[in-house]
Amino acid sequence: MMRNIFSSMWHNKLQVLLILILSTIAFVLALLTLTNSFAFNTQISMVEDMFSSPLDKTYRIDVSCTENFDTSGVAFAELKEFINQQGNTVCGAYDQTGAYFDELQGNQEYIALNQKAYAGTLYADNPSIAEVIFFDTEILNLMSGRLSQEDFQPVEQNGETYLPLYAGKDFKGVMSVGDVLTISRDNIRNGTKYIVKDFLPDDAKWFDDSDPITMPVTSLNHKFLAPFSKIDKTDSMTQQSTVGKIFIVSDNDIKDSVSKKALQLGIKLRVTSISDFIEQWKEDNNQILKLNFFLAVVVLICSAISMISTLCVTVLLKKKEYGIRIAFGTTKRQIILSLCFEILILNVIAGAIAFTYSYFKYANSLISSFQEIYIKTLCSTSLIGLIVLIIFLVAIVLLIPVVILARYNPAELVKEES
Amino acid sequence: MIQLENISKIYKFDDVVTEALKDVSLIIENGEFVAIMGASGSGKSTLLNIIGCMDTATSGKYTLDNEVISELNSKELSKIRNKKVTFVFQNFALMEKYTAYENIELPLVNRKVPAGERHKRVLKVAQQLGIEGQLRKLPKQMSGGQQQRIALARALVSGADIILADEPTGALDHKTGIELMEILRNLNENGKTIILVTHDPAIAGYAKRIITISDGGICQ
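Residue numbers (the numbering used here), protein chains in the order written: chain A, 1001 to 1418; chain B, 12 to 231.
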């Protein structure tokens, strides 16, 4: 039967090409809609999972302007201190930055590791760099994870004080627990010493540096975690970098008091609960998704109608051929099955093309942090959706042509003129 | 042996009932060359279609080589069409997008004969009929006579013992028509049963027995 199917496809190249093009366009749109929709929800869940506190009681501070840049570091520190002094309230911020540890500058193993990890990124030319997330330890109270404020208390050793440092699991072979790492090349942290306290587990995640909510969470496998030093906490450059990455968790409605205090300190800001922020984000995104979905449905309907028309015309045009085949031993059932398989094969090919196109589209056009979510969604949920869609489309498209075919009288067919 | 007992065929189109065959009883022995003659609409093609299992009778019993055909399902009927009977049609009935070779091998493809074996059998039949040079051509690239030889090759390649020819010379010129009838006569002499539908007495003259049909019934 397969030989007949491929032979029939070869002899009807134009029809095959038309169906292939229509199905591919429809499937690409359907895949993009499904992937965007599911990936968006996955991303939201991942961000929500990062918080251990209730989202309606967790707030994000967005600073719109500060009166004096030079003193803004001190102002931020005062504001956070004020918030942390309120009852049942915690405030903390973070910032990811590139740092150079003196002890790792000549470490070829470390450099080789980074060269591999940073290939094609901004850090490709600086393989001796380290990506460090500095943070207020208070932020750990509102985040999920195994680390707590106590884990980041300064360590006294041999009469010296070190700040604790947690390294990503990628660095296990390059350094050991207890190793001391110094930052000398940094204007702010010049001479600050850190001690490797432990390695982070494989599944350790942190908020993205550019936006903690709308960007996917990032893996800590190739990063370091360290608390802000005393200097960091009041340094204007460092604290300005935490804008948009300052969180509060509070049982009280602290929006007004925080805004008021901030104004006194020369900071204009907006406090939004994470739940409200996500809700608004979902709403904005849903409008785009609805438009995508509508487009996909329209294209699918158009494709289905075109395919039905093409198949009906084909079935009418091939009346004589069917009659001849029946006269020489083919059953009507075999002809119907051939038609079904032919359409199924075409749609599977179209589905494969659409899937490959979508895969490379996501792999090439997205920034790396989005790639994982989108490609994972494409290869799981969207793929299942595509298979269901192919089966559904084939069934719908074949209904009318098969009914036409089943009603034919073989003895009459063979006498049909071309 | 073909044995028809009280075969009737009734067509219904909305409220209009047409009796194409009325209580037809007929025996055709193996190796016979029979011509069925009759005017247009007399039921001769319907009779041929029933004998060839392309159509089923409304009532009556049809037996082919001791097998009751009227009791078979569509799958079993398709096997009969593939192995025991074969057709030559007036309009040649060739698949236009397929080459002569692909047209000829059709019954063997349906029978799932391996490609190598198919190739041998197609070539053998093509050589017998002198069309081995036409096998790569499409039907539209051939003359009427060549097309009818392709159609005949397709009928012969299956190895079926009964050849049903429905006005086989209807679309051919006189000379080519005679050539075809000579081929059919040779086939009959080699043991094939030929049942020929025609309205041309000269063509019917090649048969050893002539059955005349009129208004759905056999006259003689």
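The beta carbon of each residue, even a glycine, is placed where N, CA and C say it ideally should be. Quick caveat, the model's predicted, so the values are computed rather than measured.
With a CB to CB cut of under 6 angstroms and the five nearest residues on each side skipped, what residues in its chain are close to residue i?
i	result
B:THR69	SER19, LYS20 and ILE21
B:GLY155	ALA182 and LEU183
A:ILE1336	VAL1402 and LEU1405
A:TYR1059	ILE1248, VAL1271 and SER1273
A:ASP1209	GLN1096
Relative to the alpha-carbon of residue i, which residue among the options has its alpha-carbon at the smallest distance?
i	options	result
A:THR1089	A:ASN1292, A:GLN1264, A:ASN1141 and A:MET1046	A:ASN1141
B:LYS123	A:GLN1239, A:GLN1108, A:ARG1003 and A:THR1356	A:ARG1003
B:PHE100	B:LEU183, B:ILE222 and B:TYR217	B:LEU183
B:LEU119	B:GLY71, B:VAL79, B:LEU37 and B:ARG165	B:ARG165
A:ILE1375	A:SER1184, A:MET1050 and A:LEU1032	A:LEU1032
A:ALA1112	A:ALA1130, A:ALA1099, A:GLN1096 and A:LEU1300	A:ALA1130
A:SER1045	A:VAL1397, A:ILE1373 and A:GLY1244	A:ILE1373
B:ASP76	B:ASN121, B:ALA171, B:GLU143 and B:LEU134	B:ALA171
A:ASP1070	A:LYS1116, A:GLN1149, A:SER1052 and A:THR1238	A:THR1238
A:VAL1299	A:GLN1264, A:LEU1265, A:LYS1116 and A:PHE1027	A:PHE1027
A:TYR1357	A:ILE1005, A:ALA1030, A:MET1009 and A:HIS1011	A:ALA1030
B:GLY54	B:ALA31, B:MET65 and B:GLY63	B:ALA31
A:LEU1339	A:PRO1216, A:LEU1295, A:ILE1353 and A:ILE1400	A:ILE1400
In the DSSP assignment, the beta strand (DSSP E) including residue i goes from what residue to what residue?
i	result
A:ILE1345	No beta strand (DSSP E) holds A:ILE1345; the alpha helix (DSSP H) holding it covers 1332-1365.
B:CYS230	Here B:CYS230 belongs to no beta strand (DSSP E), and DSSP marks it neither H nor E.
B:LYS33	27-39
A:THR1182	1180-1183
A:CYS1065	1058-1066
A:THR1192	1192-1199
B:PHE98	96-100
B:VAL208	204-209
The alpha helix (DSSP H) spanning residue i covers which residue range?
i	result
A:SER1110	In the sequence under discussion, the amino acid at residue 1110 of chain A is Tyr, which differs from the Ser named in the question. Counting along the chain, the alpha helix (DSSP H) containing A:TYR1110 begins and ends at 1108-1117.
A:LEU1227	Strictly speaking, residue 1227 of chain A in this sequence is Pro, with Leu absent from that position. Segment 1224-1227 is the beta strand (DSSP E) holding A:PRO1227; no alpha helix (DSSP H) there.
A:GLY1385	1383-1407
A:VAL1028	1013-1050
A:LYS1172	Looking at the DSSP string, A:LYS1172 is not in any alpha helix (DSSP H), and its letter there is neither H nor E.
A:ILE1139	Run containing A:ILE1139: none; DSSP gives neither H nor E here.
A:SER1250	Here A:SER1250 belongs to no alpha helix (DSSP H); instead the beta strand (DSSP E) covers 1246-1250.
A:LEU1122	Neither: A:LEU1122 is in no alpha helix (DSSP H) and is coded neither H nor E.
Please state whether DSSP places residue i in a helix, a strand or coil.
i	result
B:ALA73	It is worth fixing the name first, because residue 73 of chain B is Tyr in this sequence and not Ala. Note: B:TYR73 maps to strand in three-state DSSP.
B:GLY52	coil
A:GLY1098	strand
A:PHE1328	coil
A:THR1269	In the sequence as displayed, the identity of residue 1269 of chain A is Leu instead of Thr. Reduced to three states, the DSSP call for A:LEU1269 is strand.
A:SER1219	strand
A:GLY1073	helix
A:VAL1155	strand
B:ASN84	coil
A:SER1144	coil
B:PHE103	coil
A:PHE1207	coil
B:SER19	strand
A:THR1310	helix
Keeping to the same chain, check which residues put their C-beta closer than 8 angstroms to that of residue i; ignore five residues upstream and five downstream.
i	result
A:LEU1289	THR1033, ASN1036, SER1037 and PHE1040
A:LEU1383	PHE1355
A:PHE1101	ALA1130, LEU1181, THR1182, ILE1183 and TYR1194
A:ILE1387	GLY1351
A:PRO1227	PHE1134, PHE1135, ASP1136, THR1137, PHE1152, LEU1163 and PRO1164
Apart from the five residues just before and just after residue i, which ones in its own chain have a Cβ nearer than 7 angstroms to its Cβ?
i	result
B:GLU16	SER36, GLY71 and LYS72
B:LEU105	ASN114, PRO150, GLN158, ILE161 and ALA162
A:VAL1397	ALA1304, MET1307, ILE1308, LEU1311 and ILE1343
Going by the C-beta, is residue i closer than 7 angstroms to any heavy atom of the ligand MG?
i	result
A:PHE1171	Judged by which ligands are present, the structure shown has none, so any question about the ligand MG falls away.
Could you tell me whether the Cβ of residue i comes closer than 8 angstroms to any Cβ of chain D?
i	result
B:SER89	As a matter of chain content, chain D is missing from the structure shown, whose protein chains are A and B.
(request) Below 7 angstroms between beta carbons is the criterion; list the residues of the segment 1205-1218 of chain A that meet it against any residue of chain B, in chain order. (result) none
(request) Using a Cβ-Cβ cut-off of less than 7 angstroms, list which residues of the segment 55-76 of chain B approach chain A; keep chain order. (result) ASN60, MET65 and ASP66
(request) Check distances from the C-beta atoms of the segment 97-120 of chain B to those of chain A and list, in chain order, the residues that come in under 9 angstroms. (result) THR97, PHE98, PHE100, GLN101, ASN102, ALA104, LEU105, MET106, GLU107, LYS108, TYR109, GLU113, ASN114, LEU117, PRO118 and VAL120
(message) To be precise: take each residue of the segment 1309-1331 of chain A, compare its Cβ to all Cβ atoms of chain B, and keep it if any distance is under 8 angstroms. Which residues remain?
(response) LYS1320, GLU1321, GLY1323, ILE1324, ARG1325, ILE1326, ALA1327, PHE1328, GLY1329, THR1330 and THR1331
(request) Please name the residues in the segment 1401-1413 of chain A whose beta-carbon is closer than 7 angstroms to at least one beta-carbon of chain B, in chain order. (result) PRO1410 and ALA1411
(message) Which residues of the segment 1005-1020 of chain A have a Cβ closer than 8 angstroms to any Cβ of chain B? Give them in chain order.
(response) SER1007, HIS1011 and ASN1012
(request) With 7 angstroms as the C-beta to C-beta threshold (strictly closer), list the residues of the segment 176-200 of chain B near chain A in chain order. (result) none
(request) Check each residue of the segment 140-165 of chain B: if its Cβ is closer than 8 angstroms to any Cβ of chain A, include it; give the result in chain order. (result) ARG165
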